[in-house]
Every structure is written in C-alpha cells, then in structure tokens.
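**Student:** Here it is, the structure, as structure tokens.
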Amino acid sequence: MAHFSSVESCHKDNTCGQAISTSEIKNEPENEWFSDSTDSADEPHTKICRWEQETSDHSWGFLPIPGKFLQLDQIIDILRSTDKVLESVPPGEKNNVFFVLEDSKNALRKRMKMKTDYHDDCGVWDSQKGKTANTYIAFCDGSLKTVSLKDGLFCSESRKRGVSHWIPLNPQPDQDSMVKVHRYYTTLKGDDNYRRRITCVSGGEFPDRVVVEYSGIRTSPITIHGNSKSAREYMRTNPRLLERMNEEVKNKSTKQVYEEMLRDSKLGIPKSLKQVADAKYRASRKVQQEKVVKVAGENLDFLTMLEENPSVQEVIHRKDLPSCVILHSGDQLGDMKRNLENESIMGVDCTYKVGDCYITMTVYRNSRDLHEETLEPLLYLGPVLLHWDVELRTYVSFFSYLMSVLGDMEPTFEVKLGDEIELAVFDALENCFPSSVLMLNCQCLEESRGISQKLWAKSNDEILSGLLKLTLRQKHHKLPDLVEKICTLMVEGKGAMTQTL
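Just so we're aligned, residue 1 is where the sequence shown starts under the UniProt record's numbering, counting upward by one.
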C-alpha cells in the first residue's frame, strides 16, 4: 500500500515567473492551485503531504488527510509513478480513498463532444451541485508551474487583500509544453459531506488516465431514483459490465453468463438473472434485424468472385455474423507500401455506406500526384473492407490482414468516423497495431497532444471523394455489382485521377 508523510513546504520567490519543481510547490495565497473556495480550503498553506512511492503497481490508496482531496503535485507524482491502473472504480466501500483509472474511451468521447461516464456503486451524484475547475501546468527546464488561461494568455495569479491579479507570463510558454488539468467536483445526493472529485491530466507525457477521489464517509443509504415506482434503492449497472454482458450472451447461455459474472465481480454483478436474460433477448433481436437476407446462391457468388476477380483477396465467413470481403489489387498494395515507407501515415475512412453494406477503406498520400492548386499529395485508395456489421471481430479480421501484408511497418493511423460512431474501430487497431499512434479526424476535433492532422487536409481528397460518390451514388447494389464497381475504381482510379488533374 502507498504511504504519505508530511513535509514542510518550500517557499520561493515567484514574482518574476520562475519555474517551480514539484517538490517546491508553494501553497501561499498568491500561488494557489485554484482560485475557487473548494480548492483553497482543501489545500493547507503551511504543510503539504507528499506521495511516497513504494512500488509502481499501486492503482489506489487512502487520502493522506481524511476529508480532504489530494494536492495537485501529489496527483502528478501518482500519475507519473503508477504503472498499474484500473478499468473502472471497483465496487464496495469507498471512504477517503482514491483510484487511478484507464480513461482512453472517455478521452475519445470528449474529443467527439460526447458525455463522459465514470461509474461507481455509490448511488446518485447531485449534478446540480457539481462544478468544474481548469488550470494548466507549464513545463520549464524540467520544473512545473501552475498557470491559468486568461484572455488567451497564460497568467500566474497574485492575490492581494483577497483580490486576484493575473500577471501574464513573459515569455509565454509553448503550447506544446502545456498540460491541462480538468477537475470535476460533486456531492452525493442526500449526503453533502460525501464528495467525489475526478481529475483528468491531459497533454505532455501523461497518458489517458484519471484520478478519482472520494472524500468523507458515506453514511446515508443509496437514494431511490426520482422516477422509480419501486421502493428499492436505485443502483445503476456499470456500463462496462453491460458491454461485457451484451458480448458474452451472444455465445453463452443466460445462466452461464450470470454465474460467471457472479464469480468475477471486478466490474460489479448483474442485478438479477432476468437482466442477463433481457440482454440475450435484445441481442438475438438485433441479430435478426441486422441479418442480411441472402438469396439462394449468394454464398456461391462470394466463392466465384474469390476465384475470378483478382482484386477480391479474401472472403471471411463467420457462423454467427454476415460474411465480409477484403478488396485490393497487387499494384495498389505495392504502391501504398512504397508511399508508407516515405511517410508512415495511413487513413481509415468509415464514412461510406451503401444500403446495409458498410465500406471501411484505407487511404494513403501519393507523393507522386500533387493537387494542382495546393500542391498537397493526393489521397489514394488502399485495401477496402465490405461488411454488414460493426462488431469488434469484424474490424480485427480486417486489421489483422493489413498487419500481415504490411510486414514490419507500424504506420500512424488517422481515423475518419461516420455518423455511427464505433469505438470498436479503435479497439481493433490497438489490438493489431499496439505500437502505432492513433489520431481521430473529424470536424469537431480539437488538436490533440500537439499532433497535426496529415490526411483529409487542403482539398487533397476532393478527387477521390468525387470518384467514390459517383461510383456509389445508387443506394442499393447487388453484391456482385458493388464489388465490381469498387474493384474497377481500384484498377482505373489512378488513371481517372491523373486525367482529372
């Protein structure tokens, strides 16, 4: 278990904007972590409690001062020194403790402007009393300094007679060196003395992790849901438990899934056997609704295309899922690999769909063909996957095939999502290319981690996009016709793009 000890805080003149190391962070009023009263009360001005690492395997610990949250320098030390993280907040009693969670899915939701989800079994948190606080950390010569963003400038705070004065840093720190700290505070409904704080540190050296703290001792029972007609205490099921449940009921019986989840309760347990049975019923309904109605002999069409069409590289048959097809030509693959050797960036475009058929395609920049106005390399089509479901297994099959044909290459992937946002695409890429960098390309994306987007920029995709829309303008295609049109675009697309230029 991790231990904390109390040490005297070191004071240092900061009026000239000098950098402060984590071991020299001041708690004087002019250099408080936040200007709001909650943080000021939580962080004493005379002493700080330092995190002392015993091992790097601790993903939770007790708050050093019961009833008070961790200080920011302690959180920074914890995130730097802790290798082992939890998938979610574990069930059970949580009094004056903190947990370190893996947060990549919530990070993606934030970039997509979606609501984040930090589930626990404490009951209902009062969102009306919740508040957020943001600050920034500047890295200067290996040291840290907390600053705030005011009117587009990074400033340090000076408090005189209870009034805050914001002093712009001179020189202004480089944006790439900044780390953002986002904190969300809330209290438990029915128990204002029991509080939770979620701290997310993003940018720089910090991966997608959060520290979730619980301050106080929960004494009140879990409240009844406002719309509930039952007198039972309301307890929301862990969303990750529901994801696991929905996946496992596809291949296992209701009783088997229920008993396995009771034995492995890291994510919590189902409310009842009926909850698992309902999940299995919904899954079976979904399979029936999404099932492709195949005419007699369509499976034979797949085999015929595989034998006769040189661009049909692989047909994947699954017992419980529709078949999917991987398309590309030999010249096309060779050209893509040559360009990836010079610029190792591959795009994955999930925005096209014809009827019930999803078209997941890879693209790359061809350095030999430039846009006539912007002089940017044009996007060319790589291997394409035709599929009728968006399950993780389907994407893993496609990216595993890519991994085999690319050999030792580990390209950076830039992913363009359609209206139906599927995290399975990212899970499959991380599974098949664990060392590759993943970027998200969409209109609402803010630049993340200082990595500039390379693909789908400066109109370099307008020709390929125009050819695809022209080819796929019909809403319904028979499978052989759809495959033939995409294969024709692969073979003749290069000449068509050159003529367009």
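Where a beta carbon is used, it is the ideal one built from N, C-alpha and C, also for glycine. As the structure is a computational prediction, the values presented were derived from the model and not from experiment.
Excluding the 5 residues preceding and the 5 following Tyr150 in the sequence, name in chain order all residues of the same chain whose CB lies nearer than 6 Å to its CB.
**Tutor:** The residue you asked about is not Tyr; residue 150 is Lys in the sequence shown. Here the set comprises Trp166.
**Student:** Measuring straight from C-alpha to C-alpha, what distance separates Tyr214 and Gln74?
**Tutor:** Answer to the nearest angstrom: the Cα atoms are 15 Å apart.
**Student:** For the alpha helix (DSSP H) that Asp73 lies in, which residues bound it at each end?
**Tutor:** Per DSSP, Asp73 belongs to the alpha helix (DSSP H) from 72-81.
**Student:** Leaving out five residues on either side along the sequence, give the residues of the same chain with a beta carbon under 7 Å from the beta carbon of Leu153.
**Tutor:** Cβ within range, chain order: Pro168, Gln172.
**Student:** To the nearest angstrom, how far is the alpha carbon of Trp51 from that of Thr135?
**Tutor:** Low confidence applies here, because Trp51 scores a pLDDT of 39, under 50, leaving its location unreliable; read the following figure in that light. Roughly 21 Å between the two C-alpha positions.
**Student:** Measure the alpha-carbon distance for Arg263 versus Met178 and round it to whole angstroms.
**Tutor:** In a straight line, the C-alpha of Arg263 is about 44 Å away from that of Met178.
**Student:** Going by DSSP, what residue range makes up the beta strand (DSSP E) through Glu247?
**Tutor:** Looking at the DSSP string, Glu247 is not in any beta strand (DSSP E); the run it does join, the alpha helix (DSSP H), is 239-248.
**Student:** Would you identify the three-state DSSP class for Cys487, choosing helix, strand or coil?
**Tutor:** If DSSP states are grouped into helix, strand and coil, Cys487 belongs with the helices.
**Student:** Which term fits His328, buried or exposed, when burial requires 16 or more other beta carbons within 10 angstroms of its beta carbon?
**Tutor:** It counts as buried.
**Student:** State the start and end residues of the unbroken beta strand (DSSP E) segment that holds Glu341.
**Tutor:** No beta strand (DSSP E) contains Glu341, which is instead part of the alpha helix (DSSP H) from 330-342.
**Student:** Assign Ser436 to one of three DSSP states: helix, strand, or coil.
**Tutor:** Coil.
**Student:** Given a cut-off of 8 Å on the beta-carbon distance, is the pair Ser344 and Thr412 in contact?
**Tutor:** Going by C-beta atoms, Ser344 is nearer than 8 Å to Thr412.
**Student:** If you drop the 5 nearest sequence neighbours on each side, which residues of the same chain put their C-beta closer than 6 Å to that of Gly268?
**Tutor:** Cβ neighbours of Gly268 beyond the five flanking positions: Pro91, Asn238, Leu241.
**Student:** If you draw a straight line from the alpha carbon of Glu447 to that of Leu440, how long is it in whole angstroms?
**Tutor:** Any reading at Glu447 must be qualified, since the residue scores a pLDDT of 44, below 50, and its modelled position is unreliable; no value is offered.
**Student:** DSSP three-state call for Lys319: helix, strand or coil?
**Tutor:** Correct three-state label for Lys319: coil.
**Student:** Given a threshold of 16 other Cβ atoms within 10 Å of its Cβ, counted over all protein chains shown, does Asn106 qualify as buried or as exposed?
**Tutor:** It is buried - the Cβ of Asn106 has at least 16 other Cβ atoms within 10 Å.
**Student:** Under the DSSP definition of a beta bridge, which residues are partnered with Arg159?
**Tutor:** Bridge partners of Arg159: Ser164.
**Student:** Which stretch, first to last residue, makes up the alpha helix (DSSP H) that contains Tyr118?
**Tutor:** First-last for Tyr118: undefined, no H or E at that position.
**Student:** What are the residues that DSSP puts in a beta bridge with Ala138?
**Tutor:** Paired residue(s): Lys145, Met178.
**Student:** Which of helix, strand or coil does DSSP assign to Asn431?
**Tutor:** Asn431: helix per DSSP, three-state reduction.
**Student:** Just to confirm, are Val390 and Leu333 a CB contact at a threshold of 8 Å?
**Tutor:** Their beta carbons are not under 8 Å apart, which means Val390 does not touch Leu333 by this criterion.
**Student:** Any idea what DSSP makes of Glu102, helix, strand or coil?
**Tutor:** Glu102: strand per DSSP, three-state reduction.
**Student:** Quick one: measure Cβ to Cβ for Arg195 and Val100, integer angstroms, because I've assumed they're closer than 8 Å.
**Tutor:** In fact, because the Cβ distance is near 18 Å, the residues do not count as touching under 8 Å.
**Student:** Based on DSSP bridge pairs, tell me the residues matched to Arg196.
**Tutor:** Thr186, Tyr214.
**Student:** State the CB to CB distance for the pair Met245 and Val201, rounded to an integer number of angstroms; the pair is presumed to be in contact (CB under 8 Å).
**Tutor:** With a Cβ gap of about 32 Å, Met245 and Val201 do not count as contacting.
**Student:** Looking only at its own chain, which residues have a Cβ that is under 7 Å from the Cβ of Thr219, when we skip the five neighbours before and after it?
**Tutor:** Closer than 7 Å at the Cβ level, and outside the excluded window around Thr219, lie Asp191.
**Student:** Indicate the three-state DSSP secondary structure (helix, strand or coil) for Asp481 in the structure shown.
**Tutor:** It is helical.
**Student:** If we count the other Cβ atoms within 10 Å of its Cβ and call it buried at 16 or more, is His387 buried or exposed?
**Tutor:** Classification for His387: buried.
**Student:** Return the bridge partner residues of Met361 from the DSSP annotation.
**Tutor:** Answer is Asp349, Val384, bridged to Met361.
**Student:** Three-state secondary structure (DSSP) at Asp278?
**Tutor:** Asp278: helix per DSSP, three-state reduction.
**Student:** Cα-Cα, which of Leu417, Glu414, Glu430, Arg282 is closest to Met403?
**Tutor:** Cα-wise, what sits closest to Met403 is Glu430.
**Student:** Applying the criterion that 16 or more other CB atoms from any shown protein chain within 10 Å of the CB defines a buried residue, is Ser311 buried or exposed?
**Tutor:** Looking at its Cβ environment, which holds 16 or more other Cβ atoms inside 10 Å, Ser311 is buried.
**Student:** Which term fits Asn366, buried or exposed, when burial requires 16 or more other beta carbons within 10 angstroms of its beta carbon?
**Tutor:** It is buried - the Cβ of Asn366 has at least 16 other Cβ atoms within 10 Å.
**Student:** From the DSSP output, read off the bridge partner residues of Asn366.
**Tutor:** Bridge partners of Asn366: Leu378.
**Student:** My understanding is that Phe98 touches Val212, with C-beta atoms under 8 Å, so please give their C-beta distance in whole angstroms.
**Tutor:** Confirmed, about 7 Å.
**Student:** Can you check DSSP and say which residues form a bridge with Gly203?
**Tutor:** Gly203 pairs with Phe206.
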